[in-house]
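The structure appears right after this line, and notes come after that.
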């Protein structure tokens with residue numbers, strides 16, 4: 159499977175609201191995830207750690223709507239732009255989240271994800 163094919167299928171799963179299947183199908187066991195922030199989830203190593211980060215995010219945010227643009231493919235990487243209308247449960251303040259995720263693919267799996275916001 160090419161990077162473009164993987165990116166297209168991964169993105170379609172996300173757009174359908176099935177991030178769990180997208181991650182299970184395409185994240186490498188040794189994936190590394192980088193967030194543009196300080197703290198314990200700034201870098202997550204391994205498929206299970208990335209899964210737990212996603213579960214934490216879902217449990218701590220109410221999503222009212224949003225969109226995903228892309229994928230934009232270049233070689234072994236692709237980018238997605240996420241725009242979501244969310245309310246972090248900790249603050250109760252409704253905000254618009256706008257971020258870009260850049261994914262690196264090797265041997266048919268996503269080995270790295272980096273988020274910019």
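Residue numbers (our numbering): 159 to 275. Each residue gets a CB set at the ideal place from its N, CA and C atoms; glycine is no exception. The structure displayed is predicted, hence computed values, not measured ones.
Backbone secondary structure at residue i - three-state DSSP
{"i": "residue 179", "result": "helix"}
{"i": "residue 185", "result": "strand"}
{"i": "residue 196", "result": "coil"}
{"i": "residue 210", "result": "helix"}
{"i": "residue 269", "result": "strand"}
{"i": "residue 248", "result": "coil"}
Residue i to residue j span [Cα, whole Å]
{"i": "residue 189", "j": "residue 242", "result": "24 Å"}
{"i": "residue 254", "j": "residue 159", "result": "34 Å"}
{"i": "residue 240", "j": "residue 234", "result": "20 Å"}
{"i": "residue 182", "j": "residue 226", "result": "19 Å"}
{"i": "residue 218", "j": "residue 238", "result": "22 Å"}
Neighbour-count burial assignment, residue i, 16 or more Cβ in a 10 Å radius
{"i": "residue 229", "result": "buried"}
{"i": "residue 165", "result": "buried"}
Residue-chain proximity (residue i, chain D), Cβ-Cβ < 8 Å
{"i": "residue 206", "result": "Any reference to chain D falls outside this structure, which holds one protein chain only."}
Residue i versus the options, residue with shortest Cα-Cα distance
{"i": "residue 275", "options": "259, 208, 245 and 174", "result": "259"}
{"i": "residue 269", "options": "236, 169 and 250", "result": "236"}
{"i": "residue 245", "options": "216, 174, 271 and 205", "result": "216"}
6 Å Cβ shell around residue i - same chain, five flanking residues per side excluded
{"i": "residue 211", "result": "199 and 202"}
Own chain residues within Cβ distance below 8 Å of residue i, not counting five before or after
{"i": "residue 173", "result": "226"}
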